[in-house]
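Just so you know, we're using the working numbering here: the sequence shown kicks off at 17 and counts up by one.
From the three backbone atoms N, C-alpha and C, an ideal C-beta is built for every residue, glycine too.
Data block below; observations after.
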Amino acid sequence: MTISERLHISKVPRHVAIIMDGNGRWAARHGSVRTIGHEQGIEAVRSTVEGAGEIGIDYLTLFAFSTENWYRPVEEVNALMSLLVHAIDAETDNLMKNNVRVTVIGETSKLPEHVRLKLMGCVDRLKNNTGLTVIFALSYSSKWEITEAARKIASDVLEGKVNPDDINNQLFEKYLSTSGIPDPELLIRTSGEYRISNFLLWQIAYAELYFTEVLWPDFRKEDLFRAIQAFQDRERRFGLTSEQITS
Ligand code: FPP
Numbered sequence: 017m018t019i020s021e022r023l024h025i026s027k028v029p030r031h032v033a034i035i036m037d038g039n040g041r042w043a044a045r046h047g048s049v050r051t052i053g054h055e056q057g058i059e060a061v062r063s064t065v066e067g068a069g070e071i072g073i074d075y076l077t078l079f080a081f082s083t084e085n086w087y088r089p090v091e092e093v094n095a096l097m098s099l100l101v102h103a104i105d106a107e108t109d110n111l112m113k114n115n116v117r118v119t120v121i122g123e124t125s126k127l128p129e130h131v132r133l134k135l136m137g138c139v140d141r142l143k144n145n146t147g148l149t150v151i152f153a154l155s156y157s158s159k160w161e162i163t164e165a166a167r168k169i170a171s172d173v174l175e176g177k178v179n180p181d182d183i184n185n186q187l188f189e190k191y192l193s194t195s196g197i198p199d200p201e202l203l204i205r206t207s208g209e210y211r212i213s214n215f216l217l218w219q220i221a222y223a224e225l226y227f228t229e230v231l232w233p234d235f236r237k238e239d240l241f242r243a244i245q246a247f248q249d250r251e252r253r254f255g256l257t258s259e260q261i262t263s
């Protein structure tokens with residue numbers, strides 16, 4: 017029996033989020049420059065997206081570029097931007113064939129104009145697809161997102177559109193970039209680092225966390241299935257007791 021056959025298809029999480037980490041260390045271990053690690057990372061993205069589609073995940077959020085990543089050496093930032101453009105050119109037809117939708121969360125206004133336009137073209141072309149939605153977090157940080165939400169709420173209060181007494185969880189969520197998307201039930205981080213790094217802080221309130229030593233460029237759909245198997249072996253209680261969950 018393969019690992020994907022061992023999964024309970026009815027208990028596959030609707031939304032999985034991944035912190036793709038370890039490209040630089042992978043490159044160092046292979047005696048290459050960091051950009052080669054990022055290039056290999058694209059293979060891992062391809063396999064993971066394929067696997068997510070195969071087992072019926074609805075949403076896959078990938079942390080591709082953080083707000084803090086802008087402070088990396090300019091050559092590395094430029095290499096990541098051109099990789100993104102190349103990946104879009106190479107993969108969009110295939111994503112279309114597989115009924116995959118792509119959306120983006122993050123401060124996209126900070127992306128170079130040609131990258132932003134390329135990305136928006138891809139998002140637009142795939143927007144009517146109805147299968148897996150891949151959400152790329154690009155120029156994203158959770159504190160940025162939450163601050164933006166607070167700013168927009170404050171502005172709506174000033175304009176009389178929102179009454180401060182009505183601000184609650186549900187209303188706040190409508191102002192996040194993930195509005196309308198269910199929270200991730202599972203968050204995966206690769207490369208043996210045990211941090212959240214400013215990713216989806218609000219949305220992972222009840223997510224199961226899964227850490228693996230595998231470096232991102234080596235990650236394949238079988239690793240995704242292993243993470244989901246571990247998720248399925250856990251009991252999710254949402255602050256309730258074990259008895260309340262099973263009764
Ligand atoms: C973390 O590895 C990875 C990134 C910062 C970028 C992830 C990007 C891809 C997988 C390619 C697809 C996305 C784009 C934007 C083209 P790291 O460099 O932090 O590795 P290290 O911790 O070992 O140094």
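For residue i, write down the residues that DSSP places opposite it in a beta bridge.
i	result
threonine 77	Ala33 and Ile151
glutamate 203	First, the residue type needs correcting, since residue 203 is leucine and not glutamate in the sequence shown. Its beta-bridge partners are Ala33 and Leu225.
tyrosine 156	Ser82
valine 118	Val150
What whole-angstrom Cβ distance do residue i and residue j have, given they're in contact under 8 Å?
i	j	result
leucine 135	valine 120	6 Å
proline 29	isoleucine 244	7 Å
phenylalanine 235	tyrosine 210	Phenylalanine 235 to tyrosine 210, Cβ: 17 Å. No contact.
leucine 142	aspartate 74	Not confirmed; about 15 Å, so no contact.
glutamate 224	leucine 202	5 Å
proline 233	glutamine 56	4 Å
valine 101	valine 61	About 14 Å; that fails the 8 Å criterion.
phenylalanine 79	methionine 36	6 Å
alanine 170	tyrosine 191	Incorrect: roughly 10 Å between the Cβ atoms, too far for contact.
histidine 54	leucine 96	6 Å
asparagine 214	serine 158	5 Å
Considering only the alpha carbon of each residue, which of the options lies closest to residue i?
i	options	result
valine 173	Trp160, Glu161, Lys159 and Phe188	Phe188
phenylalanine 254	Glu238, Ile220 and Val230	Ile220
leucine 23	Gly38, Ala44 and Ile71	Ile71
aspartate 239	Lys27, Val32 and Ser26	Val32
aspartate 199	Thr18, Lys237 and Ile34	Ile34
glutamate 229	Ile204, Trp218, Leu216 and Arg252	Ile204
leucine 231	Ile19, Gly38 and Leu192	Gly38
serine 125	Tyr156, Thr18, Arg50 and Val65	Tyr156
lysine 237	Ser213, Leu133 and Glu59	Glu59
serine 26	Phe247, Glu259, Ser48 and Ala170	Phe247
lysine 113	Lys177, Met97, Glu66 and Gln260	Glu66
isoleucine 162	Leu217, Ala80 and Thr108	Leu217
isoleucine 19	Cys138, Gln260, Asp249 and Phe241	Phe241
glycine 69	Leu127, Asn115 and Phe81	Asn115
phenylalanine 105	Thr206, Gly137 and Asp249	Looking at the sequence provided, one finds aspartate at residue 105 rather than phenylalanine. For aspartate 105, the nearest C-alpha among the options comes from Gly137.
serine 193	Trp160, Asp182 and Val178	Trp160
Does residue i pass the burial test, meaning 16 or more other C-beta atoms within 10 Å, or should it be called exposed?
i	result
threonine 77	buried
methionine 17	exposed
leucine 111	buried
arginine 6	No answer is possible for residue 6: it lies beyond the span of the chain, which begins at 17 and ends at 263.
threonine 83	buried
glycine 196	exposed
tryptophan 42	buried
threonine 64	buried
serine 207	buried
glycine 40	buried
### Message
Check whether the stretch 105 to 120 and the stretch 150 to 158 touch, using three or more Cβ-Cβ pairs below 8 Å as the test.
### Response
yes
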